[in-house]
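Here is the structure we will look at.
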Amino acid sequence: MTEISPAIIDRLKSALGPKGWSQDAHEIEPHVKDWRGRYQGHSPILLKPGSTAEVAAAVKICAKAGIAITPQGGNTSLCGASTPQGEVLISLKRMNQVREIDAANDSMTVEAGCILETLQNTAEEANRLFPLSLGSQGSAMIGGLISTNAGGVHVLRYGMTRDLVLGLEAVLPNGEVWSGLTGLRKDNTGYDIKQLLIGAEGTLGIITAATLKLFPRPARMELAFCGLKSTDDAVEFLGLAKQASGGAVTAFEIMPRNALDLVLEHVPGTRNPLQGRHDWYVVCEMSFGREDGARDTLEAALGEAFEQGLIADAAIAENDSQQHDFWRLRETIAEAERAHGKALKHDISIPVSKMPAFMNQATATVERDYPQAEVIAFGHVGDGNVHFNIMARDAGAGDEFLAGIKPASDIVYDLVDTFGGSISAEHGIGILKREELARRKPVDVTVMRAIKQALDPDGIMNPRVLLG
Ligand SMILES: Cc1cc2nc3c(=O)[nH]c(=O)nc-3n(C[C@H](O)[C@H](O)[C@H](O)COP(=O)(O)OP(=O)(O)OC[C@H]3O[C@@H](n4cnc5c(N)ncnc54)[C@H](O)[C@@H]3O)c2cc1C
């Protein structure tokens, strides 16, 4: 990597002005450590451009000098994708304006540094829904969410972030601004450049703004927390719930008994809404355009599932506060896992129909070969995406435990291949899965390298990430 000379630093500072940079160690520190505490990085300067023109100016200076850049949003990456190791760090946090809401077009145009939760609220104020929803929504920024093609809990109904983006504006690796902001749903004018940037993890340019799809706000959301015997029953229950509600299921999340136990132990104020204990739990959310009939539809679906023996018990949230409590049981699993100790994590997807067979086989094999470990597999089963994590049976596990069970990843990923799945469902590749990607998808990586070479011949954009 080219050394960053004091002269270049000075040029960057004067291009962005006093609000646009920092070399203060205290300010930089939270930007150079990842959320999980796995990666500690460093950067000679944190740039905080306030406009697309300033991003372009900074990238031009770096491009000319051959200096590498790491773009950063909320720094919630779970695979080390936004931790700089000496690169110039460009945070989009000051670019947080909503440029336009076009309610009649069901779209909004926003800058890359807008935090997801703020955008959800902005859409609500316009009587619309922006459906992207995930555990990190209080920090993750739309530029980062687009760059990782984030998923979350509503993919089942609304798709991944890729499906929610109509247009993009980005600064390309040579510093040129590409203006692809459009609210069009139909635009067949050759290669779709925005799709290259979505999920590129900052390796092809810096996203500065996006036009996003909005949807009608549901008049009523109903939520049930259910106890079940098995993942087979969960998948059958999912099919039944979708059919019985006329496609109203907007989220369908699964968690095993050990995940609920960890949450109840480590997350203050949580409580099990069901009396008995079950091997599996499902959070099932339905959204309706009308208030009347909503509860009846959920109850009818649950009633049918009881009759068919697919669920053993269920509680329906009676109000917003109970809905919040039920969701908390699912959304705090990662926090509870962290409190228990370190875990070997896999964010994988499998066709929904094959999910039970995968879960049974992968769990049995891992727990047979690594008796010190237990599987804690939870997540978005409605999309065939589970976080298949392996944690220590005893609390307080550290790096030694992780090193000992690392080969278990091969068991998981080999079975993912066997079942026609993906080694990265929604979190991306980052630093964490670079080698695994190269090993398992060599042809894809060759094509990606060709695209990278065409757009970023000097390899300055996030050079260690994705392709390495
Ligand atoms: C508690 C928790 C729960 C989570 N749950 C989910 C979940 O359910 N589903 C899911 O998909 N993910 C989840 N994540 C992962 C993470 O939140 C997402 O990957 C998110 O999209 C990252 O957004 P960010 O703004 O924090 O991006 P960052 O972490 O800052 O960056 C992520 C990547 O995008 C690049 N990047 C950032 N901004 C830009 C930009 N403007 N232009 C170009 N490249 C850019 C970075 O270089 C990096 O490669 C979770 C994370 C946490 C901590």
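Each residue of the sequence shown is one higher than the one before, counting from 15 in this note's numbering. Idealized CB from N, CA, C, for every residue including glycine. Quick caveat: nothing in here was measured; it's all calculated off a predicted structure.
If you draw a straight line from the alpha carbon of residue i to that of residue j, how long is it in whole angstroms?
| i | j | result |
| --- | --- | --- |
| Ala331 | Ala238 | 6 Å |
| Asp458 | Leu480 | 12 Å |
| Tyr205 | Asp310 | 47 Å |
| Ala357 | Pro471 | 38 Å |
| Glu414 | Pro32 | 45 Å |
| Glu321 | Ala314 | 11 Å |
| Ile404 | Ile268 | 16 Å |
| Trp294 | Gly261 | 23 Å |
| Arg344 | Val297 | 8 Å |
| Ser438 | Pro282 | 31 Å |
Does the distance from the CB of residue i to the CB of residue j come in under 9 Å?
| i | j | result |
| --- | --- | --- |
| Gly194 | Ser96 | no |
| Ala487 | Leu276 | With the chain represented from 15 up to 482, any question about residue 487 goes unanswered, as that position is not in the structure. |
| Gln386 | Ile419 | yes |
| Leu130 | Ser150 | yes |
| Leu103 | Ser161 | no |
| Leu324 | Leu254 | yes |
| Pro270 | Ala391 | yes |
| Gly412 | Leu92 | no |
| Thr136 | Val112 | yes |
| Ala233 | Met109 | no |
| Ala265 | Glu236 | no |
| Ala77 | Gly219 | no |
| Val430 | Phe372 | yes |
Is any non-hydrogen atom of ligand 1 found closer than 8 Å to the C-beta of residue i, if you look at the structure I gave you?
| i | result |
| --- | --- |
| Glu440 | yes |
| Trp49 | yes |
| Ser153 | yes |
| Ser28 | no |
| Val479 | yes |
| Thr225 | no |
| Gly173 | no |
| His360 | no |
| Val167 | yes |
| Pro85 | yes |
| Glu450 | no |
| Gln66 | Note on residue identity: the sequence assigns Thr, not Gln, to residue 66. It does not: the Cβ of Thr66 is nowhere closer than 8 Å to a heavy atom of ligand 1. |
If you follow the alpha helix (DSSP H) that residue i is part of, which residue opens it and which one closes it?
| i | result |
| --- | --- |
| Thr136 | Leu130 to Glu139 |
| Ser150 | Note, Ser150: premise wrong, no alpha helix (DSSP H); not H, not E. |
| Leu183 | Residue 183 is actually Glu in this sequence, not Leu. No alpha helix (DSSP H) contains Glu183, which is instead part of the beta strand (DSSP E) from Val179 to Val185. |
| Lys256 | Thr245 to Ala258 |
| His11 | Coverage of the chain is limited to positions 15 through 482, which leaves residue 11 absent and any answer about it impossible. |
| Val457 | Pro456 to Leu469 |
| Ala223 | No alpha helix (DSSP H) holds Ala223; the beta strand (DSSP E) holding it covers Ile220 to Lys227. |
With residue i as the anchor, note down where its beta strand (DSSP E) starts and where it stops.
| i | result |
| --- | --- |
| Leu237 | Arg234 to Leu242 |
| Arg108 | Here Arg108 belongs to no beta strand (DSSP E), and DSSP marks it neither H nor E. |
| Ser193 | Val191 to Gly194 |
| Tyr295 | Trp294 to Phe302 |
| Ser363 | Asp361 to Ser363 |
| Ile160 | Run containing Ile160: none in the beta strand (DSSP E); it sits in the alpha helix (DSSP H), Ile156 to Ser161. |
| Phe433 | Run containing Phe433: none; DSSP gives neither H nor E here. |
| Met405 | Asn399 to Ala406 |
Under the assumption that residue i contacts residue j (Cβ atoms under 8 Å), give the Cβ distance between them as a whole number of angstroms.
| i | j | result |
| --- | --- | --- |
| Gly181 | Thr203 | No, Gly181 and Thr203 are not in contact; Cβ-Cβ is about 12 Å, not under 8 Å. |
| Lys227 | Ser301 | Not really, about 16 Å apart at Cβ, beyond 8 Å. |
| Val400 | Gly393 | 4 Å |
| Leu143 | Ala72 | That pair is no contact at about 35 Å. |
| Gly435 | Ile362 | 6 Å |
| Glu68 | Thr84 | So it is not a contact: roughly 17 Å between Cβ atoms. |
Is there at least one non-hydrogen atom of ligand 3 closer than 8 Å to the beta-carbon of residue i?
| i | result |
| --- | --- |
| Val102 | In terms of ligand content, the structure shown lacks ligand 3 and carries ligand 1 instead. |
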